[in-house]
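Novice: Read in order, the letters of the sequence shown are residues 36 to 741 in the numbering used here.
Backbone N, C-alpha and C define an ideal beta-carbon position, used for all residues, glycine too.
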Amino acid sequence: MISIKHTEGVAFIELNAPPVNALGLKMRLALSSAIHELDADEQVKAIVLCSALPLFCGGADIVEFRTGAVWDKPDLPDLCETIETSKKPIIVAIAGPAMGGALEIALACDYRVATPDAVMGLPEIKLGLLPGAGGTQRLPRIAGLEAATQMILSGDPVKGEYALSCGLVDALFENDQDFRAHVLGFATRVSHEGDPKRGCMDMTVTHPDPKGYLTGFRDQIAHTSKNLVAPERCLVSIEAACELPLAEGLAQEKAGFAELLDTPQSRAGRHLFFAERECTKVPGVTRADQPRSISSVAVIGAGTMGRGIAIAFLQAGYPVTLLETTQTALEQGLEKVREHFQRAAQKGRLSADRAEAIAANATGTLSYADLAKADLIIEAAFESMNVKHQIFASLDQHAKPGAILASNTSTLDLDEIAAVTSRPEDVIGLHFFSPANVMRLLEVVRGAKTAPDVIATAITVAKKIRKLPVTVGVCYGFVGNRMLEPYFREGSRLLLEGVTPKQVDDVLEGFGMAMGIHAMADLAGVDVGARVRQERRSEIAHDPTYQAVQDRLFELGRLGQKTGRGSYVYEGRTRVEDPEIVQISSDLADLHGVKRRDIDDQEILERCLFPLINEGFLILEEGIATRPGDCDLIWTNGYGFPNWRGGPMHYADEFGLSQILERMNHYRQSLGAYGEMWFTPAPLLEELATSCVTLAAHFDAKKEKS
36 MISIKHTEGV
46 AFIELNAPPV
56 NALGLKMRLA
66 LSSAIHELDA
76 DEQVKAIVLC
86 SALPLFCGGA
96 DIVEFRTGAV
106 WDKPDLPDLC
116 ETIETSKKPI
126 IVAIAGPAMG
136 GALEIALACD
146 YRVATPDAVM
156 GLPEIKLGLL
166 PGAGGTQRLP
176 RIAGLEAATQ
186 MILSGDPVKG
196 EYALSCGLVD
206 ALFENDQDFR
216 AHVLGFATRV
226 SHEGDPKRGC
236 MDMTVTHPDP
246 KGYLTGFRDQ
256 IAHTSKNLVA
266 PERCLVSIEA
276 ACELPLAEGL
286 AQEKAGFAEL
296 LDTPQSRAGR
306 HLFFAERECT
316 KVPGVTRADQ
326 PRSISSVAVI
336 GAGTMGRGIA
346 IAFLQAGYPV
356 TLLETTQTAL
366 EQGLEKVREH
376 FQRAAQKGRL
386 SADRAEAIAA
396 NATGTLSYAD
406 LAKADLIIEA
416 AFESMNVKHQ
426 IFASLDQHAK
436 PGAILASNTS
446 TLDLDEIAAV
456 TSRPEDVIGL
466 HFFSPANVMR
476 LLEVVRGAKT
486 APDVIATAIT
496 VAKKIRKLPV
506 TVGVCYGFVG
516 NRMLEPYFRE
526 GSRLLLEGVT
536 PKQVDDVLEG
546 FGMAMGIHAM
556 ADLAGVDVGA
566 RVRQERRSEI
576 AHDPTYQAVQ
586 DRLFELGRLG
596 QKTGRGSYVY
606 EGRTRVEDPE
616 IVQISSDLAD
626 LHGVKRRDID
636 DQEILERCLF
646 PLINEGFLIL
656 EEGIATRPGD
666 CDLIWTNGYG
676 FPNWRGGPMH
686 YADEFGLSQI
696 LERMNHYRQS
706 LGAYGEMWFT
716 PAPLLEELAT
726 SCVTLAAHFD
736 AKKEKS
């Protein structure tokens, strides 16, 4: 857990609790005991906190948040007080990350030294919390009000150079074999000074107009934080640092932390935190399934999606070969890739030389034979099964043995695609989200015959290109688009019943969605959805009203933003209501015998949201998704579902499964034949709602049994 080493009157307390030196109860007890012991040792003139691991400390043990052990004594504020009131000067030596509670114990020390590449941050706001062990009180006193406010309210880390410039650290030492010697020299100098102790108790926040600054900051973040409770609570706590003595500020901060810990938003944040750590644990994939070596990548298709995928791999250092069907399309694709990196250089994100070097790693070809050396080949072509068959038949002829053959299909049957090859075990789905170089989500689609080591490789590569890999099974639309289908279906059906696109979108955006469903369809392209429906017309033929308005827009050439007209008229990217849509919807309602009426916001929200959640229950029943958190990660990272609600399945638990079941049955009855067709509750929803068991508890019990 820890070790103590004495050198020339300096005691080094070395944290050594892999993987991240988490500040759980055992670590807190060990550190507290060590500091008390060294305080009583007259031979010790100074104490250094350091780490035996490549990082200093990952912060609090968040598992304790589930059990309530976060308050077990000594809690983190107690440990910080022990550090701050020690009789001996305490210096913390930070190499690698020091996040959350780790930075808070560093702030309680008298001095902080770090390496230039050290990473320090207070990410608690991303969990719907505020730093609860002195971060909002000590950081403004040490680093200044403006730097502290930016760090606390963004949750983003800073590196050593910035930390030195704002006073967060007192010295930087290179992370080399002499780092420990530099730290020893610093500690020795401190211990020989007349008054080496330097805590925050006598420090004040120095700023010419703290109230004015914080008022301006509130205005600055008003739009992005309008639904969130943690930002305002953080600002109130920072204000306390400016106005109150340290002890009173710490008491207010601790109360604020406890208050936020019990909010739905913090539960949502913690749920997604754990979901991210669980999602890479794939049933049937073990440590024995070692990832294949991937050193070169090929992408088939140089359109918007293909280019985005290529850029993501190029940014991660992979050489990429783009394949197209015509020289013109290929040259345009490669030029767009070059332009992307040139713009990055112009904006200062890359040096010009680095941008040129990365872009030079992209090459092009018109021949499948030129893909023979690629370790990973990703198809990003037109969403047509015939096109996919042709591509994968060609890949089967030309790709080397052991190459991974991936499809970026968003809806089509991966097993049917794999069946045209002689090696279905090497075929996997890698469903990127547009723009592929920006969007974090990657649905990893596991076919019936996909080899476990291929899945392990996909997950490993996804992390290297900074994507969040969520493994799903094969069905129409996988997880994300399958859950989107009923959501969009109802959003469109409501137009026939008398609602406008703006009414639907306003309700959904008011709920917290990044974009309403009709605005999203216009952005993606009305033709994209129309082509998907053409592929599965037989499956939806029983409902002649299915996406009737969207199909009519497609017939009229109103394809969304790219044509300036879709569900809205566009002035640039600004959407404007179009009275023609009301007439189109009314005419179609008459054609299909749909009665138009006034519909309130509650019905709009429930009609869109609850079928989406119900589909999630079906997906979980069928094993297409392994865990509810997988569905939530997909929807918060790929479809604009608000993080602060935790994703649709977590939201269902918070809202109440019995209430969702009641409303599904209400619409099943009140909407007549249409309701009977589309609002049948999933058996798992009925089972859990009637037995008063949450979805989370149900899957926790399943996990324990397995």
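Could you round the C-beta distance between V225 and P124 to whole angstroms and report it? I think they count as a contact, below 8 Å.
Specialist: The Cβ separation is near 5 Å, so the contact holds.
Novice: Along the chain, where does the beta strand (DSSP E) that runs through R610 open and close?
Specialist: Start and end: T609 to V611.
Novice: Is it buried or exposed for V204, if we count other Cβ within 10 angstroms and need 16 for buried?
Specialist: Classification for V204: buried.
Novice: For a minimum of 3 consecutive residues, which ranges assigned as the beta strand (DSSP E) are wholly contained in the segment 595-654?
Specialist: Listed in chain order, they are 604-606 and 609-611.
Novice: Closer than 7 Å by C-beta to A660: which residues in its own chain qualify, once you throw out the five before and the five after it? Chain order, please.
Specialist: Excluding residues within five positions, the ones whose Cβ falls inside 7 Å are V507, V514, I654 and C666.
Novice: Based on the DSSP secondary-structure assignment, which residues constitute the bridge partners of I439?
Specialist: DSSP, once it has assigned bridges, lists L411 as partnering I439.
Novice: Is it right to say A143 is buried, meaning 16 or more other beta carbons lie within 10 angstroms of its own, or is it exposed?
Specialist: A143 should be labelled buried.
Novice: Figure out for me which residue from K61, F47 and E359 has the closest Cα to the Cα of D74.
Specialist: Checking every option, the nearest Cα to that of D74 belongs to F47.
Novice: Using 10 angstroms around the beta-carbon of N56, count the other beta-carbons present and answer buried if the total reaches 16, otherwise exposed.
Specialist: By the neighbour-count rule (16 or more Cβ atoms within 10 Å), N56 is buried.
Novice: Rounded to whole angstroms, what is the Cα-Cα separation between L281 and S741?
Specialist: So the alpha carbons of these two residues sit roughly 49 Å apart.
Novice: Return the chain-ordered list of same chain residues with a C-beta closer than 6 Å to the C-beta of C632, the five sequence neighbours on each side being excluded.
Specialist: The displayed chain sequence assigns Arg, not Cys, to residue 632. Within the same chain, R632 has close Cβ partners G533.
Novice: Reducing DSSP to helix, strand and coil, say where K758 ends up.
Specialist: Because the chain spans 36 through 741 in this model, residue 758 falls outside it and cannot be assessed.
Novice: Where does Y674 sit, in a helix, a strand or coil, going by DSSP?
Specialist: Three-state result, Y674: coil.
Novice: When the distance is taken between beta carbons, is M699 closer than 9 Å to P663?
Specialist: Result no, Cβ atoms of P663 and M699 do not sit closer than 9 Å.
Novice: Between F309 and P166, is the Cβ-Cβ spacing less than 9 Å?
Specialist: No, the pair does not count as a contact, with Cβ atoms beyond the cut-off.
Novice: Going by the DSSP bridge assignment, what does K40 pair with across the sheet?
Specialist: Paired residue(s): F47.
Novice: Considering only the alpha carbon of each residue, which of M36, K161, V728 and A556 lies closest to A87?
Specialist: The candidate whose alpha carbon is nearest that of A87 is M36.
Novice: Scan the segment 168-208 and note each continuous alpha helix (DSSP H) run of 4 residues or more that stays entirely inside, going in chain order.
Specialist: Listed in chain order, the complete alpha helix (DSSP H) runs (minimum 4 residues) inside the segment 168-208 are 170-178, 180-189 and 195-201.
Novice: Just mark I412 as buried or exposed, buried being the case when its beta carbon has 16 or more other beta carbons within 10 Å.
Specialist: Flag for I412 reads buried.
Novice: Which residue wins for smallest C-alpha separation from A178, given the options C235, P718, G682 and E689?
Specialist: The candidate whose alpha carbon is nearest that of A178 is C235.
Novice: Between which two residues does the alpha helix (DSSP H) carrying E267 extend?
Specialist: A265 to E278 is the span of the alpha helix (DSSP H), which, as asked, contains E267.
Novice: By alpha-carbon positions, which one of E570, V462 and E544 ends up nearest to G512?
Specialist: Residue E570 is the option with its Cα nearest to G512.
Novice: Straight-line CA distance for F221 to I82?
Specialist: Each residue's alpha carbon lies about 11 Å from the other.
Novice: When DSSP labels each residue in this structure, what does I82 get in the three-state scheme?
Specialist: If DSSP states are grouped into helix, strand and coil, I82 belongs with the strands.
Novice: Taking the alpha helix (DSSP H) that P132 falls in, what are its first and last residues?
Specialist: Unbroken run through P132 is the beta strand (DSSP E), P132 to M134; no alpha helix (DSSP H).
Novice: Between G59 and E99, what straight-line distance do the alpha-carbon atoms span, to the nearest angstrom?
Specialist: One C-alpha to the other measures close to 7 Å.
Novice: Quick one: give me the first and last residue of the beta strand (DSSP E) that H424 is part of.
Specialist: Unbroken run through H424 is the alpha helix (DSSP H), M420 to H433; no beta strand (DSSP E).
Novice: Alpha carbon to alpha carbon, how far is D578 from Y709?
Specialist: Approximately 8 Å between the Cα atoms of the pair.
Novice: Using the Cα positions of G352 and D388, report the straight-line distance between them to the nearest angstrom.
Specialist: Cα to Cα, G352 sits roughly 15 Å from D388.
Novice: Taking all protein chains shown into account, decide if E739 is buried (16 or more other Cβ within 10 angstroms of its Cβ) or exposed.
Specialist: Classification of E739: exposed, given that the 10 Å Cβ count is below 16.
Novice: Can you tell me whether E478 is helix, strand or coil according to DSSP?
Specialist: Correct three-state label for E478: strand.
Novice: Taking DSSP's pairing of strands, which residues face M518 in a bridge?
Specialist: Looking at the DSSP assignment, M518 forms no beta bridge with any residue, so it has no partner.
Novice: Please report the residue range of the beta strand (DSSP E) in which P243 lies.
Specialist: Careful: P243 lies outside any beta strand (DSSP E) and carries neither H nor E.
Novice: Output the residue ranges of the alpha helix (DSSP H) runs that lie fully inside the segment 489-547 and measure 4 residues or longer, sorted by chain position.
Specialist: You should have 515-531 and 536-546.
Novice: Going by DSSP, what residues sit across from Y146 in a beta bridge?
Specialist: I126.
Novice: Assign Q618 to one of two classes, buried (16 or more other C-beta atoms within 10 Å of its C-beta) or exposed (fewer than that).
Specialist: With fewer than 16 Cβ atoms within 10 Å of its Cβ, Q618 is classed as exposed.
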